[in-house]
Structure formats: C-alpha cells, structure tokens
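*Asks:* Per the numbering used here: the sequence shown = residues 205 to 376.
Below you will find the structure I want to go over with you.
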Amino acid sequence: RSFSSRKWLCLLAGLGMGSTLIYGNWFQARDTSSYVQDELLLANAAHRLSRDAEALTYAEAALARDPSLAAARQVQLASLFYLWTEAELVERDAYWNRLGAAIPQEAVEGDSLLSFINGLYFWREGDRDQAEKYWAIGAAGGDLAGQWCREAQAIFESESVVDSLVGRWMME
C-alpha cells in the first residue's frame, strides 16, 4: 500500500506539531538561568551537612544578588563562625575579620546561634555592652545555642568566657 499525498501531509504536519510541542521554548519555560533561591537552597543544604566552606560560598553568592536576604546572612555568619573555630592559626584572623564585617548592625531576633556568635564577636572585640545585649536576646532560645547564651550571661564577668564557651562547644 502506498501513502497518498494527503496522508503524507497529515504525517508531516503531526511531526511538525509534535516537535514544536516537545522542543519549543514556550515563553522561556526551558530557561536554565539560576535564581537567588537556588544559591540559598544550596547554602542551606551545605550548612545542614556541615560543609561550611561550600555553605559560605553559596550564601555569599546569594547575598551578592540580594544583600537583604536574612536567611543567607544567617548561613554566612554561622559558616564563618564554624570555619573560624576549625581553622588553622594562620587562617583564623582572616575568618574573624570576615565574620566582623558580616555581622549585622541590628540584633537578630529568634536566632540564638546568631545571637551567640554576635555576642562572642563583640566580647572578643571588647564591647561588653553589645555582647550582653546579643546574649540576652539569644538566651530566650530553647536550643543548644540558647544554652550557650545563658552560660555566657552567667559567666559574663569572667575574662575567660571565650575560651570556656568555645572550648566547651568544640568538645560537644
């Protein structure tokens, strides 16, 4: 049996419409551009897996796109803190300086880890009033970092608060 010209025309039209449906762009639906949410998602995933260098890279990429992202700022600060605690002596100052540059001017409500980190930063920099303010905010947290804030408040007058708290934290 042979195909008539009408059948060939229908077959070609069907193939054309099928390929248009399959391979068409459809208003940029196949766009492979990345978005700030992509970096934020990767930063959070890396942070949860304790891959702090990767988390820091993705968080800073998200902050480069949108500096007002609080979630990216939280991952950045936590990653810098953890990298500082684990760094060799040569790298510690660099992480500490980056941490200081990243600390927000306003207090972070509801995040006891960031409150502890901020308080620790200001304590080491000699600003006890700021440290106490941040630890008071973080002490309301029911997690481990909230406990660290409460311990920092309890031994606030001790000069060895940094060594005591960071040493205890690194042992857990």
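Where a beta carbon is used, it is the ideal one built from N, C-alpha and C, also for glycine.
As the structure is a prediction and not an experimental result, all values here were calculated from the model.
So what does DSSP say about residue 322, is it helix, strand or coil?
*Replies:* The residue you call residue 322 lines up with position 118 of the sequence shown. In this structure, residue 322 counts as helix in the three-state DSSP scheme.
*Asks:* Is it true that the CB of residue 244 sits closer than 8 Å to the CB of residue 273?
*Replies:* Translated into the one-based positions of the sequence shown, residue 273 becomes position 69. Translated into the one-based positions of the sequence shown, residue 244 becomes position 40. Yes, they are a contact pair.
*Asks:* Mapping DSSP to helix, strand and coil, what is residue 208?
*Replies:* Translated into positions along the sequence shown, residue 208 becomes position 4. In this structure, residue 208 counts as coil in the three-state DSSP scheme.
*Asks:* How big is the Cα-Cα spacing for residue 253 and residue 290?
*Replies:* For the purposes of this step, residue 253 is identified with residue 49 of the sequence shown, where counting begins at 1. For the purposes of this step, residue 290 is identified with residue 86 of the sequence shown, where counting begins at 1. Going from the Cα of residue 253 to the Cα of residue 290 covers about 15 Å.
*Asks:* If contacts are defined as beta-carbon pairs under 8 Å, then residue 351 and residue 339 qualify, I think. What distance do you get, rounded to the angstrom?
*Replies:* Numbered from 1 along the sequence shown, position 147 holds the residue referred to as residue 351. Numbered from 1 along the sequence shown, position 135 holds the residue referred to as residue 339. In fact, because the Cβ distance is near 11 Å, the residues do not count as touching under 8 Å.
*Asks:* Distance, Cα to Cα, residue 308 vs residue 317?
*Replies:* Translated into the one-based positions of the sequence shown, residue 308 becomes position 104. Translated into the one-based positions of the sequence shown, residue 317 becomes position 113. Roughly 14 Å separates the two Cα atoms.
*Asks:* Using alpha carbons as the reference points, say which of 346, 284, 314 lies closest to residue 301.
*Replies:* Reading the sequence shown from its first residue, position 97 is the one you call residue 301. Nearest option by C-alpha distance: 284.
*Asks:* So, with DSSP's three-state summary, where would you put residue 343?
*Replies:* Residue mapping note: residue 343 aligns to position 139 of the sequence shown, counting from 1. Correct three-state label for residue 343: coil.
*Asks:* Tell me which same chain residues have a C-beta within less than 6 Å of the C-beta of residue 259, skipping the five on either side of it?
*Replies:* By one-based count along the sequence shown, residue 259 stands at place 55. Excluding residues within five positions, the ones whose Cβ falls inside 6 Å are 247, 250, 251, 279, 283.
*Asks:* Any idea if residue 239 is buried or exposed, counting beta-carbon neighbours within 10 angstroms, 16 or more meaning buried?
*Replies:* What you label residue 239 is simply residue 35 of the sequence shown in a count that begins at 1. Classification for residue 239: exposed.
*Asks:* Below 7 Å CB to CB, which residues in the same chain sit around residue 208 once its five sequence neighbours on both sides are set aside?
*Replies:* Counting from one through the sequence shown, the residue named residue 208 turns up at place 4. Nothing listed; no residue qualifies.
*Asks:* Could you give the distance in angstroms between the alpha-carbon of residue 298 and the alpha-carbon of residue 257?
*Replies:* Working through the sequence shown from its first residue, we reach residue 298 at position 94. Working through the sequence shown from its first residue, we reach residue 257 at position 53. Computed Cα separation, rounded: 14 Å.
*Asks:* Should residue 223 go down as buried or exposed, given a rule of 16 or more other Cβ atoms within 10 Å for buried?
*Replies:* The sequence position of residue 223 within the sequence shown is 19, counting from 1. Exposed, since its Cβ has fewer than 16 Cβ neighbours within 10 Å.
*Asks:* Which word fits residue 286, buried or exposed, when buried means at least 16 other C-beta atoms lie within 10 angstroms of its C-beta?
*Replies:* Looking up residue 286 in the sequence shown gives position 82. Burial call: buried.
*Asks:* What is the rounded straight-line gap between the Cα of residue 305 and the Cα of residue 231?
*Replies:* Stepping through the sequence shown from its first residue, residue 305 is reached at position 101. Stepping through the sequence shown from its first residue, residue 231 is reached at position 27. Distance between the alpha carbons of residue 305 and residue 231 is about 42 Å.
*Asks:* Residues in its own chain within less than 7 Å of residue 276 by CB, not counting five upstream and five downstream?
*Replies:* Within the sequence shown, the letter at position 72 stands for residue 276. Cβ neighbours of residue 276 beyond the five flanking positions: 244, 247, 263, 266, 267.
*Asks:* So, helix, strand or coil for residue 338, using DSSP?
*Replies:* Numbered from its first residue, the sequence shown carries residue 338 at position 134. Residue 338: helix per DSSP, three-state reduction.
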